[in-house]
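Participant:
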Amino acid sequence: MSDNGRDSSVHERREWPLWEIFIRGMHGLNHRHVGSLHAADAEMAMKNARDVYTRRNEGVSIWVVKSRHIAASSPSDKGPFYEPSRSKAYRHPTFFDIPEEAGAM
Amino acid sequence: MYAQMVESTASDDDPEKLAAFQARIDAGEKIEPKDWMPEGYRKTLIRQIGQHAHSEIVGQLPEGNWITRAPTLERKAILLAKVQDEAGHGLYLYCAAETLGVSRDEMTEMLLEGRMKYSSIFNYPTVTWADIGAIGWLVDGAAIMNQVPLQRTSYGPYSRAMIRICKEESFHMRQGFDIMMKMANGSREQKRMAQDALNRFWYPSLMMFGPSDGDSVHSSQSMAWKIKISSNDELRQKFVDQTVPQADYLDLKIPDPELKWNQDKGGYDFSEPDWSEFHAVLKGNGPCNSDRMKARIRAWEDGRWVRDGLMAHAQKKAAGKVAAE
Amino acid sequence: MTAGGDEFEFLCRMGDNALVLGQRLSEWCGSAPALEEDIALANTALDLLGQAKMWLDLAAEVEDAGRTSDDLAMKRDVMDFRNLLLVERPNGDFGHTMTRQFLFDSWHVEMLKELADSKDARIAEISAKSAKEARYHVERSAETVIGLGDGTPESHSRMQTALNELWSYVGEMFHDDEVDMSMARSKLAPLPSNLRSGFDRRFRKVVEAATLIPPTGAYAHLGGKNGIRHTEHLGHILTQMQWLQRAYPESEW
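If you read the protein sequences in the order shown, they are chains A, B and C.
Counting from 1, position 32 in the first sequence corresponds to residue 45 in the numbering used here; the numbering is continuous, with no gaps.
Counting from 1, position 136 in the second sequence corresponds to residue 142 in the numbering used here; the numbering is continuous, with no gaps.
Counting from 1, position 123 in the third sequence corresponds to residue 258 in the numbering used here; the numbering is continuous, with no gaps.
#1: In terms of residue numbering, what span does the beta strand (DSSP E) encompassing residue 229 of chain C cover?
#2: Which residue wins for smallest C-alpha separation from residue 372 of chain C, given the options C/273, C/151, C/281?
#3: With 9 Å as the threshold, decide whether the Cβ of residue 235 of chain C is near any Cβ in chain B.
#4: I need the straight-line Cα distance from residue 325 of chain C to residue 8 of chain B, nearest angstrom please.
#5: With a cut-off of 8 Å, do at least 3 Cβ pairs link the segment 277-285 of chain B to the segment 247-254 of chain C?
#6: Can you tell me whether residue 118 of chain A is buried or exposed? The criterion is at least 16 other CB atoms within 10 Å of its CB, across all chains shown.
#7: In angstroms, rounded to a whole number, what distance separates the CA positions of residue 363 of chain C and residue 380 of chain C?
#8: Would residue 179 of chain B pass as an interface residue toward chain A - the criterion being a Cβ-Cβ separation below 9 Å?
#9: Would you tell me roughly how many angstroms separate the C-alpha atoms of residue 245 of chain B and residue 153 of chain B, rounded to the nearest one?
#10: Span of the alpha helix (DSSP H) holding residue 208 of chain B?
#11: So the candidates are B/329, B/252, B/305, B/95; which of them puts its Cα closest to the Cα of residue 170 of chain B?
#12: Is it buried or exposed, residue 330 of chain B, if we count other Cβ atoms within 10 angstroms and call 16 or more buried?
#13: So, are the CB atoms of residue 53 of chain B and residue 12 of chain B less than 9 Å apart?
#14: Could you tell me which of B/177, B/45, B/23 sits nearest to residue 16 of chain B, measuring between CA atoms?
#15: Using C-beta distances below 6 Å, list every residue in its chain close to residue 59 of chain B, excluding the 5 sequence neighbours before and after it, in chain order.
#16: Report yes or no: is there a C-beta of chain B within less than 9 Å of the C-beta of residue 44 of chain A?
#17: Quick check: the Cα distance between residue 57 of chain B and residue 57 of chain A, rounded to an integer number of angstroms?
#18: When the Cα atoms are used, what is the spatial distance from residue 296 of chain B to residue 126 of chain B?
#19: Under 7 Å between beta-carbons, which chain A residues line up against residue 317 of chain B? List them in chain order, please.
#20: Can you list the residues of chain C that residue 67 of chain B reaches, using a CB-CB cut of under 8 Å?
#21: Using a Cβ-Cβ cut-off of less than 7 Å, give me the residues of the segment 96-128 of chain B that come near chain A, in sequence order.
#22: What's the call for residue 27 of chain A, buried or exposed, on a 16-neighbour Cβ count within 10 Å?
#23: Compare the C-beta of residue 77 of chain A with all C-beta atoms of chain B and state if any pair is closer than 9 Å.
#24: Here's the rule I'm using: 16 or more other beta-carbon atoms within 10 Å means buried, otherwise exposed. How should residue 73 of chain B be labelled?
#25: Any beta carbon of chain A sitting closer than 9 Å to that of residue 184 of chain C?
#26: Using alpha carbons as the reference points, say which of B/327, B/310, B/321 lies closest to residue 289 of chain C.
#27: Consider the Cβ of residue 68 of chain A: report whether some Cβ of chain B lies at a distance smaller than 9 Å.
#28: What number of angstroms, rounded off, separates the C-alpha of residue 136 of chain C from the C-alpha of residue 211 of chain C?
#29: Between residue 272 of chain C and residue 179 of chain C, which are expected to be in contact by the criterion C-beta below 8 Å, what is the C-beta distance as a whole number of angstroms?
#30: Taking all protein chains shown into account, do 16 or more other C-beta atoms lie within 10 angstroms of the C-beta of residue 83 of chain A, making it buried, or fewer, making it exposed?
#31: Taking 9 Å as the CB-CB limit, is residue 378 of chain C close to chain B?
#32: Once DSSP output is grouped into helix, strand and coil, what is the label at residue 365 of chain C?
#33: Compile a chain-ordered list of the residues in the segment 52-76 of chain B whose CB is closer than 7 Å to at least one CB of chain C.
#34: Of the choices C/384, C/300, C/329, C/368, whose alpha-carbon is the least far from that of residue 231 of chain C?
#35: Along chain A, in chain order, which residues have C-beta atoms closer than 8 Å to that of residue 302 of chain B?
#36: Let me know if residue 107 of chain A comes out buried or exposed under the rule of 16 or more other beta-carbons within 10 Å of its beta-carbon.
In structure tokens, the structure reads:
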């Protein structure tokens with residue numbers, strides 16, 4: 014019990030779960046992660062996202078995903094995950110020298 | 007600023023890991039939630055981001071005090087939108103802190119139990135409409151000074167929250183100055199209110215930056231970690247230099263007889279605020295501390311049945327779906 | 136009858152409903168049960184204040200007496216306000232506020248839908264814009280009423296109490312009077328009584344999902360929208376809302 018008589022330990026923790034919010038800013042673009050919020054369920058998360066993250070006309074479509082359902086790569090995977098692709102320069106168009114006479118390609 | 011006198015926690019981590027971590031920060035890399043970080047970095051950030059978030063939420067109260075009394079339909083809408091933004095900023099910041107392993111409810115409980123702080127400035131009352139102008143002009147003006155550099159802070163989620171906040175804040179200071187212009191150019195009574203608001207908010211605004219860092223170990227550790235970007239004195243000087251010409255423009259007088267331009271340093275000399283008042287406010291003896299806490303505690307406790315009710319409904323719905331499958 | 140006639144009266148009704156309810160909702164700012172709810176309530180209040188401005192601008196234009204929407208909002212006294220009694224009821228707890236909101240929204244969407252076909256293009260335009268906002272409002276307030284009605288025993292009982300207490304203020308929304316009949320004759324607005332079936336359909340569905348018992352009393356308090364007898368609460372709302380304009384007249388803000 015603290016000085017002002019409040020005691021948080023007696024309350025069972027029933028916090029609304031955390032959701033990650035993805036918003037499509039304009040037609041045709043990818044959804045982009047914009048932030049998170051709390052909501053009791055997906056429907057409420059959707060409405061909260063509308064109210065919190067599109068106050069300035071920012072979106073045309075919303076995805077909500079419970080934060081704990083997101084599987085994320087771990088930083089220690091950094092090397093094995095991303096570095097091998099660095100050596101595959103041939104995947105990028107600038108790898109190839111095409112003579113100008115051949116035209117646009 | 008919104009985070010004043012944040013203590014940093016020393017780390018007793020593996021020196022090699024610490025050095026590698028510091029190297030990443032020095033190289034300008036962002037630290038992300040799943041990255042290894044020193045325990046001290048994590049704890050200091052929770053304190054700082056939490057304090058900042060709490061300041062936004064408590065900061066709703068002094069301005070919220072005038073929403074129902076705003077003088078025109080447009081002023082009412084602008085003020086409501088602004089105070090709503092502050093709730094949003096609190097929300098973004100709590101979410102950033104949550105990536106460090108502390109929940110919003112936990113942080114809220116810590117605030118309400120007095121174990122976490124919020125900015126001293128919100129313990130001052132808003133007694134006339136001109137105070138709403140002064141808060142936008144001075145308090146938001148001071149806050150922006152601190153928040154703009156924090157967009158470059160080393161912790162990714164914090165930096166992203168600050169970027170969003172700065173983008174949204176850009177109208178806040180302007181609306182304050184706009185009110186001050188109307189008041190300063192208005193009737194004699196309005197002008198008197200404007201001057202009175204400046205008199206009352208000037209020194210508390212200077213206090214927002216916190217006392218001189220001197221050789222505080224907390225500051226130097228936080229600066230090395232790039233969770234504090236500029237020194238308190240640096241920001242305070244910048245604020246004064248920015249604000250004095252604006253007060254001149256309004257034809258209002260800054261309540262400091264010592265204020266004068268110093269050619270050598272290229273800035274104004276000014277009087278320090280009364281730091282004993284600052285410490286008294288932080289200890290809980292500001293004019294509004296107990297009212298502010300009471301208001302937050304009441305909102306939290308009155309809202310419990312709502313939060314629980316909606317959660318219970320969501321759980322029933324989810325159970326119903328599972329049963330139907 | 137005031138200058139501007141029935142249309143002015145009607146526009147004040149629409150504007151005052153939005154204004155007084157917007158004012159009530161803005162009282163919540165900074166003290167809602169969760170940050171997300173605080174932000175959502177402010178959005179609804181902002182929508183309503185925006186609507187109030189549009190309706191009162193038009194009312195001032197129709198009246199053509201040199202008044203502005205701010206004059207109408209800040210300088211009329213209680214007996215000149217034309218809002219429903221429902222919207223001036225105090226906020227009570229969050230459940231009470233959301234029940235009041237749901238009842239109003241359920242009427243509002245029906246009203247605005249019809250008004251979008253008004254013969255007066257200005258009314259139709261304001262209504263079309265407002266209807267989009269109101270559809271979201273009712274979706275949100277209905278979901279909250281359902282969630283809290285069905286939630287815990289405590290939330291259920293609070294919601295039932297709110298519904299019972301507010302029920303006698305529902306009837307006024309569907310009560311036709313002289314102004315309504317004149318507006319309907321000129322094809323400017325629907326008869327309120329014709330909106331009841333749409334309201335009832337939504338109401339039954341939501342109340343059932345909320346596991347609440349629909350009140351059955353037929354008694355309706357009247358006197359708000361014709362301004363004959365407001366509740367005591369409106370005077371206090373105006374005391375706050377109009378204070379600066381009254382205390383410092385002739386000032387620019």
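Quick reminder that beta carbons are idealized off the backbone N, C-alpha and C, glycines included.
Facilitator: So, from the listed chains and residues:
#1: That residue, residue 229 of chain C, is in no beta strand (DSSP E); its alpha helix (DSSP H) goes 229-250.
#2: Comparing alpha-carbon positions, the option among C/273, C/151, C/281 lying closest to residue 372 of chain C turns out to be C/151.
#3: So, not an interface residue.
#4: Here the alpha carbons of residue 8 of chain B and residue 325 of chain C stand approximately 53 Å from one another.
#5: Verdict: no, contact absent.
#6: By the 10 Å Cβ count, residue 118 of chain A comes out exposed.
#7: Approximately 25 Å, taken between the alpha carbons.
#8: No - not a single Cβ of chain A is within 9 Å of the one on residue 179 of chain B.
#9: Using only the alpha carbons, I get a separation of about 13 Å.
#10: Going by DSSP, residue 208 of chain B is part of the alpha helix (DSSP H) stretching over 194-213.
#11: The option with the nearest alpha carbon to residue 170 of chain B is B/95.
#12: It is exposed - the Cβ of residue 330 of chain B has fewer than 16 other Cβ atoms within 10 Å.
#13: Going by C-beta atoms, residue 53 of chain B is nearer than 9 Å to residue 12 of chain B.
#14: Ranked by Cα distance from residue 16 of chain B, the first of B/177, B/45, B/23 is B/45.
#15: In the same chain as residue 59 of chain B, and ignoring 5 residues on each side of it, the C-beta atoms closer than 6 Å to its own belong to 96, 99, 100, in chain order.
#16: Not closer than 9 Å to any Cβ of chain B, the Cβ of residue 44 of chain A fails to qualify, so no.
#17: Computed Cα separation, rounded: 28 Å.
#18: Approximately 12 Å, taken between the alpha carbons.
#19: Per Cβ cutoff of 7 Å: 27, 29, 53.
#20: Those are 165, listed as they occur along chain C.
#21: Of all residues in the segment 96-128 of chain B, 97, 98, 101, 104, 109, 110, 111, 115, 118, 119, 120 have a Cβ within less than 7 Å of some Cβ in chain A.
#22: Exposed, by the Cβ-count rule.
#23: Not flagged as an interface residue toward chain B: residue 77 of chain A, since no C-beta distance is shorter than 9 Å.
#24: Around the beta carbon of residue 73 of chain B, 16 or more other beta carbons lie within 10 angstroms, which makes this residue buried.
#25: For residue 184 of chain C, the answer is no, since every Cβ of chain A falls outside 9 Å of its Cβ.
#26: From the listed residues B/327, B/310, B/321, the smallest Cα separation to residue 289 of chain C is found for B/310.
#27: Put simply, the CB of residue 68 of chain A is near chain B, with a gap under 9 Å to one of its CB atoms.
#28: The predicted position of residue 136 of chain C is uncertain, since its pLDDT is 44 and thus under 50; no value can be drawn from it.
#29: 5 Å between Cβ atoms; contact.
#30: So residue 83 of chain A counts as exposed.
#31: Yes - at least one Cβ of chain B is within 9 Å of the one on residue 378 of chain C.
#32: Correct three-state label for residue 365 of chain C: coil.
#33: Those would be 66, 67, 70, 73, 74, 75, in chain order.
#34: For residue 231 of chain C, the nearest C-alpha among the options comes from C/300.
#35: Residues of chain A passing the Cβ test: none, with the nearest at roughly 11 Å.
#36: The Cβ neighbour count for residue 107 of chain A, taken over all protein chains shown within 10 Å, is under 16; the residue is labelled exposed.
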